[in-house]
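Sequence order for the protein chains is F and P. The first sequence begins at 1 in the working numbering and counts up one residue at a time. The second sequence begins at 1 in the working numbering and counts up one residue at a time. Accompanying notes for the structure given below.
There are 2 protein chains.
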Amino acid sequence: MMEPLLDCSPLEGGSGTMRDKVAACCSFSTLKAWLPILGWLPKYQLTWLRMDLIAGITVGLTTVPQALAYAEVAGLPVQYGLYSAFMGGFIYCIFGTSKDVTLGPTAIMSLLCAFYIGNDPVYAVLLTFLSGIIQTSMALLSLGSLLDFISYPVIKGFTCAAAITIGFGQIKNLLGLQNISQQFFLEVYDTFHRLPEARVPDAVLGLLCLSALVTLTLMKSSLGPGPDDLPVHVRGARGLVWALSTVRNALVVICATGLSYSFEVTGQHVFTITGHTAAGLPSFQAPPFSETTPNGTVITFRELAQDLGDGLIVIPLMGLLESIAIAKAFASQNNYRINGNQELFAIGLTNILGSFVSAYPVTGSFGRTAVNSQTGVCTPAGGIITSVIVLLSLAFLMPLFYYIPKASLAAVIICAVTPMFDYHVVAKFWRVKKLDLLPFLVTFLLSFWQVQYGIVAGVAVSGCLLLYHVARPQLKVRDHGVLVVELDSGLRFPAMQYLSQTLFTKALMGECHLSATSKDNLRPSVYDVVIPWSCVPVSPPRSVVLDCCHVSGVDYTVVNELRDLLRQFQQRGEVLVFTGLSHSVLQDLLKAELPDFEHMESVEAGLQAVSGKTFHDCHG
Amino acid sequence: MMEPLLDCSPLEGGSGTMRDKVAACCSFSTLKAWLPILGWLPKYQLTWLRMDLIAGITVGLTTVPQALAYAEVAGLPVQYGLYSAFMGGFIYCIFGTSKDVTLGPTAIMSLLCAFYIGNDPVYAVLLTFLSGIIQTSMALLSLGSLLDFISYPVIKGFTCAAAITIGFGQIKNLLGLQNISQQFFLEVYDTFHRLPEARVPDAVLGLLCLSALVTLTLMKSSLGPGPDDLPVHVRGARGLVWALSTVRNALVVICATGLSYSFEVTGQHVFTITGHTAAGLPSFQAPPFSETTPNGTVITFRELAQDLGDGLIVIPLMGLLESIAIAKAFASQNNYRINGNQELFAIGLTNILGSFVSAYPVTGSFGRTAVNSQTGVCTPAGGIITSVIVLLSLAFLMPLFYYIPKASLAAVIICAVTPMFDYHVVAKFWRVKKLDLLPFLVTFLLSFWQVQYGIVAGVAVSGCLLLYHVARPQLKVRDHGVLVVELDSGLRFPAMQYLSQTLFTKALMGECHLSATSKDNLRPSVYDVVIPWSCVPVSPPRSVVLDCCHVSGVDYTVVNELRDLLRQFQQRGEVLVFTGLSHSVLQDLLKAELPDFEHMESVEAGLQAVSGKTFHDCHG
């Protein structure tokens with residue numbers, strides 16, 4: 001979004017007193033922040049309308065076949081895909097901060113939902129409603145920044161794994177195989193095991209659709225921007241290729257359905273087809289808060305929510321993650337900036353209202369957003385056109401959807417998820433930062449078990465790496481007679497024991513060995529402390545200059561341990577001098593009134609102070 | 001411990017080839033690292049024996065009454081306290097790396113165990129065995145450093161809360177109150193509500209014991225080190241006071257038991273007494289791996305372990321935490337260094353073997369370790385003396401323990417836990433680092449619900465504060481025409497979005513407003529990207545010098561976002577120059593082959609490069 005949520009810059013108000021200005025901007029500007037449509041609608045131009053119309057129709061023709069196909073992935077009747085595909089356009093148009101993002105059913109979301117809803121639309125719709133509530137609440141609490149903790153390797157790991165899982169899951173539909181297990185590894189086994197049972201017509205149609213889609217995709221990518229001075233007929237041909245390849249999903253599904261229809265009306269059941277679907281628009285009704293099973297048992301809201309379990313965390317977060325990642329990518333490509341929290345608010349609202357029209361959880365779709373952006377959409381109004389096309393399909397085309405061959409939908413999905421499998425990324429991690437392969441691989445491999453487990457494990461691994469860096473800062477030790485120890489990063493409580501142990505070993509103990517203590521240490525009186533349990537340092541103890549110029553803050557644990565460390569240096573007649581402390585850290589240490597605390601501006605001054613023993617006069 | 005676990009320093013071997021030296025040190029030195037007794041026993045001196053004997057006996061006289069009392073806290077028959085108190089001395093003598101630490105039942109551990117074992121010794125002994133296995137495994141995997149993530153405020157928070165919980169829990173025994181609830185808040189209510197029902201003899205005895213203990217403690221603390229030239233009778237008097245106050249627990253319990261005995265033998269049941277206990281030494285037998293309930297049902301090992309639940313994490317970790325904290329404190333005070341992993345190994349082994357003599361989980365006891373240190377113990381051999389005293393009590397004194405008044409044990413516990421309630425710490429946090437009050441208070445308050453919940457919540461809060469610092473580094477922005485942005489600490493993936501957003505807003509967008517784009521942006525062809533959705537910057541875009549001298553490392557997420565950021569600067573004709581990168585970070589960024597990447601040694605060079613636009617010749 002262009003404006004921060006509470007943009008009170010005086011630029012917005014006109015003339016008048018400061019109070020007026022603040023009042024003015026805190027009303028309209030705040031409203032505009034929550035309703036970005038107020039920012040662009042008043043400036044809407046007719047040239048934009050043409051572009052929005054073209055983009056809206058193109059995306060609509062991609063949305064309808066994808067929505068039907070993804071409903072299959074989610075384990076729901078196909079019409080639920082369309083139920084989920086139109087609310088986003090209306091809501092996002094009002095609340096969205098990106099011109100490109102298209103909300104609706106997506107491959108990964110469908111895969112995740114399939115796990116939690118167990119083919120039951122009641123669970124799907126309730127999950128949508130609750131996810132919406134959670135996302136909206138997160139937006140109101142500005143919790144969108146939690147996504148900062150999902151690193152790039154984790155995102156890539158689960159996207160690659162999901163692409164394989166989803167893509168491979170469609171092989172059975174592409175080949176017309178029956179009785180294939182749902183669990184990925186069993187699915188792979190079953191698919192290969194039952195390969196001889198493939199239905200030939202399905203397989204032929206599926207592979208034909210797949211080749212058509214691949215060919216059109218390749219044609220589009222080889223098109224490139226032409227010079228401006230092409231003759232009219234060349235430009236027309238280029239335009240045609242572009243148009244055909246852009247609506248390729250619709251084209252392929254329509255052709256396949258036509259073929260299937262012509263067989264079916266002559267009584268020949270050649271292809272595995274979608275079959276009966278509910279016709280017409282969904283009714284607008286409150287989401288179900290209880291369910292009555294066929295044998296009359298009533299499942300209460302509490303039980304439904306318990307069954308959804310951690311889906312109530314995974315689905316809202318993944319919806320948020322996917323949508324924001326896409327919005328950011330296209331905002332960056334098209335040179336604008338989105339507002340993460342407002343995006344979250346828009347998704348949440350779409351899900352809440354979507355649950356009233358029997359939608360399953362939606363998020364931003366990468367493929368359709370790319371189509372939208374490439375077709376040159378100008379404002380989110382394009383989404384309204386897309387939604388209208390979906391609604392028209394629901395109202396008038398549902399009887400025809402009966403004839404859609406499942407193999408053609410499978411081909412659409414396989415082509416949609418293939419680009420998600422970005423294997424180049426492994427080489428990039430290897431070249432730039434090998435350690436990042438660890439969270440990537442953990443996420444990737446565990447995602448085949450369950451995508452959500454993969455993500456959780458990946459976040460945990462990258463969190464551990466993060467904490468390891470905090471707990472084990474690199475210490476550069478230089479020997480100038482006096483030891484100069486430089487901390488390469490911050491100093492927080494998990495690092496303190498490590499620092500203290502290192503200083504103690506390097507400066508005070510060296511490599512030392514337990515010794516019988518000399519007799520004069522053993523005081524005769526039993527009520528005094530005696531120290532026979534000590535060690536003979538290999539080298540004499542040395543003073544230390546601790547260069548803290550990279551330390552940006554300390555906590556009480558650090559202060560407490562430093563006090564102890566200073567005492568130990570003092571006991572051995574050596575000193576520990578701090579250098580390069582920032583103002584705030586120095587203040588914290590002075591407030592702690594550490595005994596024998598010395599601070600110098602630079603390492604040189606510190607060394608001088610130690611060697612000349614002149615530092616006793618310049619405390620603080 | 002004095003030696004690192006794999007100390008292969010050539011100092012250890014004699015003459016001979018390098019290979020011989022390595023072979024020699026990797027056998028005996030490694031063995032000595034695992035068996036620290038080999039380090040000190042060969043050097044054992046007779047003078048040490050005298051000190052160890054005195055200390056061992058003194059600690060033994062404290063251990064016996066405390067062990068009996070803490071068993072009460074753990075909800076077990078009193079003899080279990082003694083069963084738990086002798087194994088530590090033998091094991092720690094062989095494997096321990098501190099001369100002072102005394103392992104045995106402690107107040108906090110007893111409180112924690114009470115929650116998990118539900119007054120059933122079978123659960124207690126199994127918990128000991130499993131905790132020992134977990135602790136030993138952790139030691140072998142060098143996981144002791146996990147404790148680094150428990151910060152000082154969290155430790156103080158739970159210690160203070162535990163002191164109040166344990167101390168207040170003994171008021172009912174001190175006053176002879178009956179039917180008091182276990183849950184802390186109900187306990188407080190019940191105790192005050194039933195105050196009029198207090199048994200007068202118990203209350204009188206309890207308060208007498210308490211005043212005796214307090215008086216003796218005060219006498220000891222006011223004793224101080226006297227001058228060396230005192231006359232013999234003054235020194236004798238001082239020695240007597242010191243001895244009496246050191247064995248005050250035993251003294252008070254013996255006197256109270258004598259009083260109670262004299263009443264009981266005359267048939268008068270005046271005090272609430274301990275009652276029947278199992279006599280004699282515990283049998284040496286494998287810990288129970290199943291339990292048969294009175295009605296004949298067999299509870300399997302699996303069920304027992306499930307019932308223990310998160311106790312299998314809490315008890316080993318808290319045991320470790322308490323013991324290491326104590327070992328470190330006394331090592332620091334007495335000028336030696338312990339080895340955390342070896343300490344963990346010693347506790348784990350003590351628990352494993354303890355479970356064969358029906359012990360409940362043990363750890364280092366602060367109070368008894370302090371007595372040990374103050375009495376001038378020279379080696380861990382003192383622990384053997386202590387253990388022998390406990391064994392002798394078990395063998396011969398158990399019939400007398402029947403008569404110990406519960407009020408006297410309550411007084412012992414109250415006096416033992418009072419110093420743990422360190423309320424000064426709040427003022428210290430307030431003065432030095434107010435933010436550290438948050439984890440302290442969270443831990444403190446939640447610990448009244450359950451100590452383990454308090455600790456978990458406290459660790460979580462301090463972890464969140466830590467991650468917040470990582471995710472939101474301070475950015476110092478200075479305006480030299482060109483913006484100079486200085487990162488105050490490391491740059492890891494959670495901080496990257498924040499940095500990128502800040503740079504974008506400050507340098508490229510300013511406060512900007514959505515605009516109708518000028519027509520020339522709108523290309524006529526539909527298959528080219530158009531960008532009408534952009535904003536008019538209030539101020540013109542500016543170049544940035546990013547001072548990374550505090551950045552110690554980057555990950556792939558950072559590199560990836562920097563690539564995007566560089567592209568955005570380049571699109572607007574501005575530059576983003578990095579300065580002060582360390583060698584390793586620079587290498588990582590060069591490996592990533594970022595387009596338009598510029599690096600300068602210093603901010604001045606960076607500024608010059610930007611303003612003179614001379615930087616195009618000095619890539620990398």
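All C-beta atoms, glycine included, are put in the ideal place defined by N, C-alpha and C. If you're wondering where the values come from, they're calculated on a predicted model, not measured in any experiment.
Is the distance from the Cβ of S408(P) to the Cβ of V247(P) below 8 Å?
What you label residue 408(P) is simply residue 408 of the second sequence in a count that begins at 1. What you label residue 247(P) is simply residue 247 of the second sequence in a count that begins at 1. Result no, Cβ atoms of S408(P) and V247(P) do not sit closer than 8 Å.
What does the Cβ neighbour count give for F301(F), buried or exposed, with the cut at 16 atoms within 10 Å?
Here the question's residue 301(F) lines up with position 301 in the first sequence. Classification for F301(F): exposed.
Three-state secondary structure assigned by DSSP to G620(P):
As a first step, residue 620(P) is located in the second sequence; it is residue number 620 there, counting from the start. The predicted position of G620(P) is uncertain, since its pLDDT is 35 and thus under 50; no value can be drawn from it.
Buried/exposed call for F569(F), threshold 16 Cβ in 10 Å
As a first step, residue 569(F) must be located in the first sequence, where it is residue number 569. Residue burial is scored here from C-beta neighbours: F569(F) has at least 16 other C-beta atoms within 10 angstroms and is therefore classed as buried.
Just checking: is the beta-carbon of R632(P) within a distance shorter than 8 Å of some beta-carbon in chain F?
Outside the shown range of chain P, which is 1 to 620, sits residue 632(P), and nothing can be said about it.
State yes or no: is the beta carbon of P532(P) nearer than 8 Å to at least one beta carbon in chain F?
To locate residue 532(P), count along the second sequence from 1; it is residue 532. Model confidence at P532(P) stands at a pLDDT of 45, short of 50, so the residue's coordinates are unreliable and nothing is read from them.
Roughly how many angstroms lie between the CA atoms of L522(F) and S98(P), to the nearest whole one?
Within the first sequence, numbered from 1, the residue matching residue 522(F) stands at position 522. Within the second sequence, numbered from 1, the residue matching residue 98(P) stands at position 98. For L522(F), the pLDDT reaches just 37, beneath the cut-off of 50, and the residue's location in the model is therefore unreliable, although a value from the coordinates is still provided. Distance between the alpha carbons of L522(F) and S98(P) is about 18 Å.
Could you spell out where the alpha helix (DSSP H) holding R337(F) opens and where it closes?
The residue given as residue 337(F) occupies position 337 in the first sequence. It is not in any alpha helix (DSSP H) - R337(F) carries neither H nor E in the DSSP assignment.
Neighbouring residues, chain P, relative to Y423(F) (Cβ below 9 Å)
Here residue 423(F) refers to the residue found at position 423 of the first sequence. The contacting residues do not exist; Y423(F) stays about 15 Å from chain P at best.
Among T217(P), V544(P), I313(P) and I155(P), nearest to G606(P) - alpha-carbon criterion
As a position in the second sequence, residue 606(P) is number 606, starting the count at 1. For the options T217(P), V544(P), I313(P) and I155(P), the alpha carbon positioned closest to that of G606(P) is the one of V544(P).
By alpha-carbon positions, which one of F184(P), G144(P) and G176(P) ends up nearest to A162(P)?
The residue you call residue 162(P) lines up with position 162 of the second sequence. It is F184(P) whose Cα lies nearest to the Cα of A162(P).
Of all Cβ atoms in chain F, is any one closer than 8 Å to the Cβ of N249(P)?
Walking along the second sequence from the start, residue 249(P) turns up at place 249. By this cut-off, N249(P) is not an interface position.
In the DSSP assignment, the beta strand (DSSP E) including K99(F) goes from what residue to what residue?
As a working mapping, residue 99(F) is identified with position 99 in the first sequence. First-last for K99(F): undefined, no H or E at that position.
Is H616(P) close to chain F, meaning its C-beta is less than 8 Å from at least one C-beta of that chain?
What you label residue 616(P) is simply residue 616 of the second sequence in a count that begins at 1. For H616(P), the predicted structure reports a pLDDT of 43, less than 50, and the residue's modelled location is therefore unreliable. A value from the coordinates is still provided. For H616(P), no Cβ of chain F is located within less than 8 Å of the residue's own Cβ.
Does DSSP classify D202(P) as helix, strand or coil?
Indexing the second sequence from 1 puts residue 202(P) at position 202. Helix at D202(P).
Every unbroken alpha helix (DSSP H) within the stretch 300-331 of chain P, with a cutoff of 4 residues, ordered by chain
Runs of the alpha helix (DSSP H) inside the stretch 300-331 of chain P: 301-308.
Can you give me the C-alpha to C-alpha distance between R368(F) and L205(F), rounded to a whole angstrom?
The sequence position of residue 368(F) within the first sequence is 368, counting from 1. The sequence position of residue 205(F) within the first sequence is 205, counting from 1. Distance between the alpha carbons of R368(F) and L205(F) is about 24 Å.
Range covered by the beta strand (DSSP E) that runs through M420(F)
As a first step, residue 420(F) must be located in the first sequence, where it is residue number 420. M420(F) -> no beta strand (DSSP E), and no H or E assigned at all.
Assuming V362(F) contacts P77(F) under a Cβ cut-off of 8 Å, what Cβ separation, rounded to an integer in Å, is found between them?
Here residue 362(F) refers to the residue found at position 362 when the first sequence is read from its first residue. Here residue 77(F) refers to the residue found at position 77 when the first sequence is read from its first residue. Between P77(F) and V362(F) the Cβ distance is about 17 Å, and since that is not below 8 Å, they are no contact.
Quick check on the DSSP output: the alpha helix (DSSP H) that includes K32(F) runs from which residue to which?
By one-based count along the first sequence, residue 32(F) stands at place 32. Per DSSP, the continuous alpha helix (DSSP H) segment holding K32(F) begins and ends at T30 to W34.
So, helix, strand or coil for G697(P), using DSSP?
With chain P running from 1 to 620 in the structure shown, residue 697(P) is simply not present.
Using a beta-carbon distance below 8 Å, is S602(P) in contact with chain F?
Start at 1 with the first residue of the second sequence, and residue 602(P) comes out as number 602. Under the 8 Å criterion on CB atoms, S602(P) is classed as non-interfacial with respect to chain F.
Between V529(P) and V371(F), what straight-line distance do the alpha-carbon atoms span, to the nearest angstrom?
Along the second sequence, one-based indexing puts residue 529(P) at 529. Along the first sequence, one-based indexing puts residue 371(F) at 371. Unreliable placement is indicated for V529(P), whose pLDDT of 33 sits below 50; the coordinate value is still reported in the next sentence. The alpha-carbon atoms of V529(P) and V371(F) are separated by roughly 11 Å.
Limits of the alpha helix (DSSP H) - the one that E561(P) falls within
Within the second sequence, the letter at position 561 stands for residue 561(P). Y556 to Q571 is the span of the alpha helix (DSSP H), which, as asked, contains E561(P).
Just verifying my parser: in three-state terms, what is the DSSP assignment at G13(P)?
In the second sequence, counting from the first residue as 1, residue 13(P) sits at position 13. Per-residue confidence for G13(P) stands at a pLDDT of 35, beneath the threshold of 50, marking its modelled position as unreliable; the derived number appears in the next sentence. Per DSSP, reduced to three states, the secondary structure at G13(P) is coil, with no helix or strand assignment.
What residue range is occupied by the uninterrupted beta strand (DSSP E) comprising V241(P)?
Translated into positions along the second sequence, residue 241(P) becomes position 241. No beta strand (DSSP E) holds V241(P); the alpha helix (DSSP H) holding it covers V232 to T246.
Length of the line joining the Cα atoms of L592(F) and H424(P):
As a first step, residue 592(F) is located in the first sequence; it is residue number 592 there, counting from the start. As a first step, residue 424(P) is located in the second sequence; it is residue number 424 there, counting from the start. The question names Leu, but residue 592(F) in the sequence shown is Ala. Computed Cα separation, rounded: 13 Å.
Test: L218(F) CB closer than 8 Å to a CB of chain P
Locating residue 218(F) in the first sequence gives position 218, where the first residue counts as 1. L218(F) does not count as touching chain P.
Once DSSP output is grouped into helix, strand and coil, what is the label at H550(P)?
The sequence position of residue 550(P) within the second sequence is 550, counting from 1. Here H550(P) sits in coil by DSSP.
Going along the stretch 586-602 of chain P in order, which residues come within less than 7 Å of chain F, judged by CB to CB distance?
For the stretch 586-602 of chain P, which is checked against every Cβ of chain F, the residues closer than 7 Å are D588, K591 and A592.
Residue nearest to T272(P) in terms of C-alpha spacing, selected from K506(P), A278(P) and L259(P):
Taking the first residue of the second sequence as 1, we reach residue 272(P) at position 272. T272(P) has its Cα closest to that of L259(P), out of K506(P), A278(P) and L259(P).
Round the Cβ separation of G60(P) and I384(P) to the nearest angstrom and send it over; I've been treating them as touching at under 8 Å.
On the second sequence, residue 60(P) is found 60 positions in, with the first residue counted as 1. On the second sequence, residue 384(P) is found 384 positions in, with the first residue counted as 1. Contact doesn't hold; Cβ gap of about 10 Å is too wide.
Among P595(F), V470(F), G481(F) and Q571(F), which one has its Cα closest to the Cα of H550(F)?
One-based indexing of the first sequence puts residue 550(F) at position 550. Of the candidates P595(F), V470(F), G481(F) and Q571(F), the one whose C-alpha sits nearest the C-alpha of H550(F) is V470(F).
Euclidean distance between Cα positions of K428(F) and G463(F):
Taking the first residue of the first sequence as position 1, residue 428(F) is located at position 428. Taking the first residue of the first sequence as position 1, residue 463(F) is located at position 463. Straight-line Cα distance between these residues: approximately 21 Å.
Pairing CB atoms from the stretch 271-288 of chain P with CB atoms from the stretch 383-400 of chain P, are three or more of them under 8 Å?
Verdict: yes, contact present.
C-beta neighbour in chain F for S543(P), strict 8 Å
Taking the second sequence and counting its residues from 1, one reaches residue 543(P) at position 543. Answer no: the Cβ-Cβ gap between S543(P) and chain F never drops below 8 Å.
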